[in-house]
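Chemist: Oh and the sequence shown: position 375 is 375 in full-length UniProt numbering, straight run, nothing missing.
Every residue, glycine too, gets a C-beta built ideally from N, C-alpha and C.
Handing you a structure now.
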Amino acid sequence: MLPIIALIGRSNVGKSTLFNVLTKTRNALVSHQTKLTRDRQYGLWNISRIQQSILIDTAGFDAPLNEIEKQAYKQTLIAIQKANLIFFIVDAQSGLISQDCIILNKVRKYNKKIILIINKTDNIEISNQKNEFYSLGFAEIYQISASHKTGINILISQFLLPWIHKNFNNKHETKIIKNNNKKQKKEIKITCIGRPNVGKSTLINALLRQERMITCNTPGTTLNSISVPIQYNNKKYIFTDTAGIPKNKKKQNSITQFSIIKTLQTVKKTDVSLLIIDASIEICQQDLKLANFILKSGKPIILVFNKSDLINSSIKRQIKNTIKKQCSFLSLSKMHFISALHKIRLSQLFQLIHEIHQSYNIEINTSELTKTLHEAIKRHQPPMTKGYKIKLKYAHIGSFKPLKIIIHGNRTKYLSTSYKRYLVNFFCRTFNVNSIPMHIKFKDSTNPYCTKKRKIDF
1 MLPIIALIGR SNVGKSTLFN VLTKTRNALV SHQTKLTRDR QYGLWNISRI
51 QQSILIDTAG FDAPLNEIEK QAYKQTLIAI QKANLIFFIV DAQSGLISQD
101 CIILNKVRKY NKKIILIINK TDNIEISNQK NEFYSLGFAE IYQISASHKT
151 GINILISQFL LPWIHKNFNN KHETKIIKNN NKKQKKEIKI TCIGRPNVGK
201 STLINALLRQ ERMITCNTPG TTLNSISVPI QYNNKKYIFT DTAGIPKNKK
251 KQNSITQFSI IKTLQTVKKT DVSLLIIDAS IEICQQDLKL ANFILKSGKP
301 IILVFNKSDL INSSIKRQIK NTIKKQCSFL SLSKMHFISA LHKIRLSQLF
351 QLIHEIHQSY NIEINTSELT KTLHEAIKRH QPPMTKGYKI KLKYAHIGSF
401 KPLKIIIHGN RTKYLSTSYK RYLVNFFCRT FNVNSIPMHI KFKDSTNPYC
451 TKKRKIDF
């Protein structure tokens, strides 16, 4: 069992900055704007070569005012309950304020080991303020600057490592570290992406069967990408909830833009992407742009139509026909209708994910590809161009993930777009690799007897 450490304190004291420094990631949102952290964020902290811990970043433990803040407050309470150790963080620049005392009294009710950490001590003489912080009743106080990465080594050597060695079995932790990479390879990574308020967080909560993500009718509730492990039928998955991507660029502030960047970066690291679409409203251009981005990133895609309990079967057929006729680049993509709120058709979603992930990892040899190419040509010959016949000779794999097929032949540059699309569809159906991106590259074979004319001097 790894020790769990929760970062607790009021808003804007540097919890997220410290989380990023310790986990060596940029997973937590950091800004001068307050109350950006909402859902609790987990990360792995490599304290030493043989010691790890789980770190939890939390929302500011301030008095909640609206519905989103109330849910963020509950998330912080859960983090405190799960933690073995609390890093209670205060701000050296603002000094001790009454809110710090109120929060600390609430945390102490849970009887957890608490360490007081004074952050933002860079370029500040806090000797007088330190006496003020001693009034909180801590025998030892640790001073750090998360942004400048100072004071952290003293915290580790003087307190953290001795405390872990005393309370946890170090040999067991070493074994976990060695096997950690092997475990991660077995997990399928899934990213939920879509416009705001389409039900991404509600879907993950339904799959987890708990209120893990903050959900609200207010668009833009999720600001950061949060990953959670889920196990289903003895298979391990990591689902990532992402911030919704609005279609109106004029209303995007700096935080929204940063959230969008984080979302798009998450898609590039995933195995399968779920594009969540609100089935109760018409598909818009933003949905198609997101689908196009996922496919161009080389990732498999499943079109998940949420809130399907609000539509009838005829509208479902209409949606499918619209995708097949008007969105040709999505014609082979899997479509699945669910209701995350009412937990309808969620088990079938895992089956789809597993099938597509297997297709994504398919291996095809050159002989199979060439045989399939010849079968495609036999059924439908390439059209004549400028009186010349286009010859396609053989095919081989250029790369996997995404799948790229290279076809060699003569005059391939004259192939029409429709015939290229025919070949893509033929390969997809033959090898059953629908919903995964496939690219075909054509190369003209060079004639060994055709040489450039050389200039002869007499």
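Just to confirm, are residue 264 and residue 303 a CB contact at a threshold of 8 Å?
Modeler: Here the question's residue 264 lines up with position 264 in the sequence shown. Here the question's residue 303 lines up with position 303 in the sequence shown. In this structure, residue 303 does not lie closer than 8 Å to residue 264 by Cβ.
Chemist: For the structure I just gave you, are there three or more beta carbon pairs, one from the region 231 to 247 and one from the region 151 to 158, closer than 8 Å?
Modeler: no
Chemist: What span of residues does the alpha helix (DSSP H) with residue 6 cover, start to end?
Modeler: Mapped onto the sequence shown, residue 6 falls at position 6. Unbroken run through residue 6 is the beta strand (DSSP E), 4 to 8; no alpha helix (DSSP H).
Chemist: Evaluate the contact criterion for the region 104 to 114 versus the region 63 to 82: three or more CB pairs, one atom per stretch, below 8 Å.
Modeler: yes
Chemist: Residue ranges of each alpha helix (DSSP H) run of no fewer than 4 residues wholly in the region 281 to 327, ordered along the chain?
Modeler: Secondary structure within the region 281 to 327: the alpha helix (DSSP H) runs of 4 or more consecutive residues, fully enclosed, are 285 to 296 and 313 to 326 (chain order).
Chemist: Counting only the same chain and skipping the five closest in sequence on each side, list residues whose C-beta sits under 8 Å from that of residue 432.
Modeler: Within the sequence shown, residue 432 is the residue found at index 432, counting from 1. 359, listed in sequence order.
Chemist: From residue 429 to residue 188, what does the alpha carbon distance come to, in whole angstroms?
Modeler: Taking the sequence shown and counting its residues from 1, one reaches residue 429 at position 429. Taking the sequence shown and counting its residues from 1, one reaches residue 188 at position 188. Cα-Cα distance, rounded: 24 Å.
Chemist: Tell me the residue span of the alpha helix (DSSP H) that contains residue 377.
Modeler: Start at 1 with the first residue of the sequence shown, and residue 377 comes out as number 377. Unbroken alpha helix (DSSP H) run through residue 377: 366 to 379.
Chemist: Residue 57 to residue 41, Cα distance in whole Å?
Modeler: For the purposes of this step, residue 57 is taken as residue 57 along the sequence shown, with counting starting at 1. For the purposes of this step, residue 41 is taken as residue 41 along the sequence shown, with counting starting at 1. Computed Cα separation, rounded: 5 Å.
Chemist: Assign residue 172 to one of three DSSP states: helix, strand, or coil.
Modeler: Counted from its first residue, the sequence shown places residue 172 at position 172. Its pLDDT being 45, under 50, residue 172 is placed unreliably in this model, and the coordinates cannot settle the point.
Chemist: Do three or more CB pairs link the region 379 to 392 to the region 354 to 369 at distances below 8 Å?
Modeler: no
Chemist: With C-beta atoms as the reference, is residue 89 less than 8 Å away from residue 15?
Modeler: Reading the sequence shown from its first residue, position 89 is the one you call residue 89. Reading the sequence shown from its first residue, position 15 is the one you call residue 15. Yes, they are a contact pair.
Chemist: Cβ atoms of residue 87 and residue 7: under 8 Å apart, would you say?
Modeler: Residue 7 sits at position 7 when you count from the first residue of the sequence shown. Residue 87 sits at position 87 when you count from the first residue of the sequence shown. Yes, the pair counts as a contact, with Cβ atoms nearer than the cut-off.
Chemist: Alpha carbon to alpha carbon, how far is residue 270 from residue 410? Give it in angstroms, no decimals.
Modeler: Taking the first residue of the sequence shown as 1, we reach residue 410 at position 410. Taking the first residue of the sequence shown as 1, we reach residue 270 at position 270. Rounded to the nearest angstrom, the two C-alpha atoms are 37 Å apart.
Chemist: Thinking just about the alpha-carbon of each residue, which of 316, 164 and 141 is nearest to the one in residue 4?
Modeler: Counting from 1 along the sequence shown, the entry for residue 4 is found at position 4. Closest option to residue 4, Cα to Cα, is 164.
Chemist: In the DSSP assignment, find the beta strand (DSSP E) that holds residue 106 and state where it starts and stops.
Modeler: Mapped onto the sequence shown, residue 106 falls at position 106. Annotation for residue 106: no beta strand (DSSP E) segment contains it, though the alpha helix (DSSP H) segment containing it runs 98 to 108.
Chemist: By the three-class DSSP mapping on this structure, what secondary structure does residue 274 have?
Modeler: Taking the first residue of the sequence shown as 1, we reach residue 274 at position 274. Here residue 274 sits in strand by DSSP.
Chemist: Do you know offhand how far residue 291's Cα is from residue 301's?
Modeler: Within the sequence shown, residue 291 is the residue found at index 291, counting from 1. Within the sequence shown, residue 301 is the residue found at index 301, counting from 1. Each residue's Cα considered, the two are about 8 Å apart.
Chemist: Using C-beta distances below 6 Å, list every residue in its chain close to residue 115, excluding the 5 sequence neighbours before and after it, in chain order.
Modeler: Indexing the sequence shown from 1 puts residue 115 at position 115. Correct list, in chain order: 87.
Chemist: Kindly indicate which residue of 135, 120 and 351 has the alpha-carbon position closest to the one of residue 231.
Modeler: As a position in the sequence shown, residue 231 is number 231, starting the count at 1. The candidate whose alpha carbon is nearest that of residue 231 is 351.
Chemist: Using a Cβ-Cβ cutoff of less than 6 Å, which residues in the same chain neighbour residue 366 once the five nearest sequence positions on both sides are dropped?
Modeler: Taking the sequence shown and counting its residues from 1, one reaches residue 366 at position 366. In its chain, beyond the 5 residues on either side, 396 have a beta carbon closer than 6 Å to the beta carbon of residue 366.
Chemist: How many angstroms separate the CA atom of residue 337 from the CA atom of residue 121?
Modeler: Sequence index remark: in the sequence shown, residue 337 carries index 337 (1-based). Sequence index remark: in the sequence shown, residue 121 carries index 121 (1-based). Put simply, the backbone Cα of residue 337 is about 53 Å away from that of residue 121.
Chemist: Measuring only the C-alpha atoms, how far is residue 37 from residue 374?
Modeler: Along the sequence shown, read from residue 1 onward, the residue named residue 37 stands at position 37. Along the sequence shown, read from residue 1 onward, the residue named residue 374 stands at position 374. Rounded to whole angstroms, residue 37 to residue 374 spans 56 Å at the Cα level.
Chemist: I'd like to check one pair, residue 192 with residue 242: are the Cβ atoms closer than 8 Å?
Modeler: Here residue 242 refers to the residue found at position 242 of the sequence shown. Here residue 192 refers to the residue found at position 192 of the sequence shown. Taking 8 Å as the Cβ cut-off, residue 242 and residue 192 qualify as a contacting pair.
Chemist: Cβ atoms of residue 323 and residue 279: under 8 Å apart, would you say?
Modeler: Working through the sequence shown from its first residue, we reach residue 279 at position 279. Working through the sequence shown from its first residue, we reach residue 323 at position 323. Contact flag unset, no.
Chemist: Measuring CA to CA, which of 143, 421 and 349 is closest to residue 334?
Modeler: Taking the first residue of the sequence shown as 1, we reach residue 334 at position 334. When each option's Cα is compared against that of residue 334, the closest is 349.
Chemist: Using only the alpha-carbon positions, how far apart do residue 330 and residue 423 sit?
Modeler: Working through the sequence shown from its first residue, we reach residue 330 at position 330. Working through the sequence shown from its first residue, we reach residue 423 at position 423. Those two C-alpha atoms are separated by around 15 Å.
Chemist: Looking at the unbroken alpha helix (DSSP H) that takes in residue 79, where does it start and where does it end?
Modeler: For the purposes of this step, residue 79 is identified with residue 79 of the sequence shown, where counting begins at 1. Start and end: 67 to 82.
Chemist: By Cβ distance below 7 Å, which residues in the same chain neighbour residue 146 in space, the five residues on each side in sequence not counted?
Modeler: Locating residue 146 in the sequence shown gives position 146, where the first residue counts as 1. Same-chain partners within the cutoff: 14, 17, 18, 21 and 119.
Chemist: Applying the 10 Å Cβ sphere with the 16-neighbour rule, what's the burial state of residue 131?
Modeler: Looking up residue 131 in the sequence shown gives position 131. Exposed.
Chemist: What is the rounded straight-line gap between the Cα of residue 305 and the Cα of residue 98?
Modeler: Residue 305 sits at position 305 when you count from the first residue of the sequence shown. Residue 98 sits at position 98 when you count from the first residue of the sequence shown. Cα to Cα, residue 305 sits roughly 48 Å from residue 98.
Chemist: Using a Cβ-Cβ cut-off of 6 Å (strictly less than) and excluding sequence neighbours within five positions of residue 260, which residues of its own chain qualify?
Modeler: Position 260 of the sequence shown holds residue 260. Sequence-distant partners of residue 260 (beyond 5 residues in either direction) whose C-beta falls short of 6 Å from its own C-beta, in its chain, are 245.
Chemist: Let me know the secondary structure DSSP gives residue 239 once reduced to three states.
Modeler: Here residue 239 refers to the residue found at position 239 of the sequence shown. In this structure, residue 239 counts as strand in the three-state DSSP scheme.
Chemist: Can you tell me which of 150, 332, 194 and 94 puts its alpha carbon nearest to the alpha carbon of residue 436?
Modeler: Stepping through the sequence shown from its first residue, residue 436 is reached at position 436. Per the Cα distances, 332.
Chemist: Please report the straight-line C-alpha distance between residue 202 and residue 340, rounded to a whole angstrom.
Modeler: Taking the sequence shown and counting its residues from 1, one reaches residue 202 at position 202. Taking the sequence shown and counting its residues from 1, one reaches residue 340 at position 340. Rounded to whole angstroms, residue 202 to residue 340 spans 6 Å at the Cα level.
Chemist: How is residue 12 classed by DSSP in three states: helix, strand or coil?
Modeler: For the purposes of this step, residue 12 is taken as the residue at position 12 of the sequence shown. In this structure, residue 12 counts as coil in the three-state DSSP scheme.
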